[in-house]
Amino acid sequence: MKPKSIIVLTIVLAFALTAMSLNAARPTGDELSETDAAIELALEFVRHSPTYIFDGVYETVKVVDTFIMESYPVQYVVFIEFDSGHAGFGDRTGQVLAQVMTSHTARVTVVDGEVVGASLDDVWDMVNQEEMEVFDDVDPDSPVVHDNPATTILPPERAVELAVEYAILNFRELD
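In the numbering used here, each residue's number is its place in the sequence shown (first place is 1) plus 2.
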């Protein structure tokens, strides 16, 4: 074979291999990124929640924001807005309700393909279907005693104090 032919063949082969590798790396369309999968899971969770099932307006559901937390495992926090035809939360069958369009914002946390937490309007625990307790007027020096700490929201100062106390008690090498 002539040297010119070998060079031309090498160049053609290099281009062909490059094109094949680029095409192989391209998603087929059936694959979802981890972020898209988390968003889809969060949307499914909201659409199957009692508040939405009761009187949610389908056309109003929209993802308004998504945060990817720098943690391990990665946490995806998806904010979803929708309207409902009545005030309130959860399944309100049998209740006397004000017939007024109500806007809601859901905050859904997804970890490893699973919803680990969700709240509606920062007052409704969508996982446990109960009202969350919010302590705005708590004295930071007083201990917080609550039956269900998972649904307790603390003031930032108290949360920092608890984290420091935990570190001191459990990690003596930090002293």
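Even glycine gets a Cβ: it sits at the ideal position worked out from N, Cα and C.
What distance in whole Å lies between the Cβ atoms of residue j and residue i, which are believed to be in contact at a cut-off of 8 Å?
i: T107; j: E83; result: 5 Å
i: Q101; j: G87; result: 7 Å
Looking at the secondary structure, which residues open and close the beta strand (DSSP E) in which residue i lies?
i: Y78; result: Q77 to S86
i: E72; result: No beta strand (DSSP E) holds E72; DSSP gives it neither H nor E.
I need the straight-line Cα distance from residue i to residue j, nearest angstrom please.
i: D124; j: S73; result: 22 Å
i: D114; j: F47; result: 15 Å
i: I13; j: Q77; result: 45 Å
i: E135; j: E36; result: 32 Å
i: V118; j: A40; result: 12 Å
i: A89; j: P158; result: 29 Å
Please say whether residue j and residue i have beta carbons closer to each other than 8 Å?
i: M103; j: D127; result: no
i: R109; j: F81; result: yes
i: V112; j: L43; result: yes
What residue does the alpha helix (DSSP H) around residue i start on, and which one ends it?
i: L43; result: E36 to R49
i: V166; result: P158 to N172
i: T53; result: P52 to D57
Kindly list the residues whose CB is nearer than 6 Å to the CB of residue i, restricted to its own chain and excluding five residues on each side of it in sequence; keep chain order.
i: V59; result: D85
i: V129; result: A120
Counting only the same chain and skipping the five closest in sequence on each side, list residues whose C-beta sits under 8 Å from that of residue i.
i: G92; result: P52, T53, F56, W126 and Q131
What residues in its chain sit with their C-beta under 7 Å from that of residue i, if we drop five residues either side in the sequence?
i: P5; result: none
i: F69; result: V79
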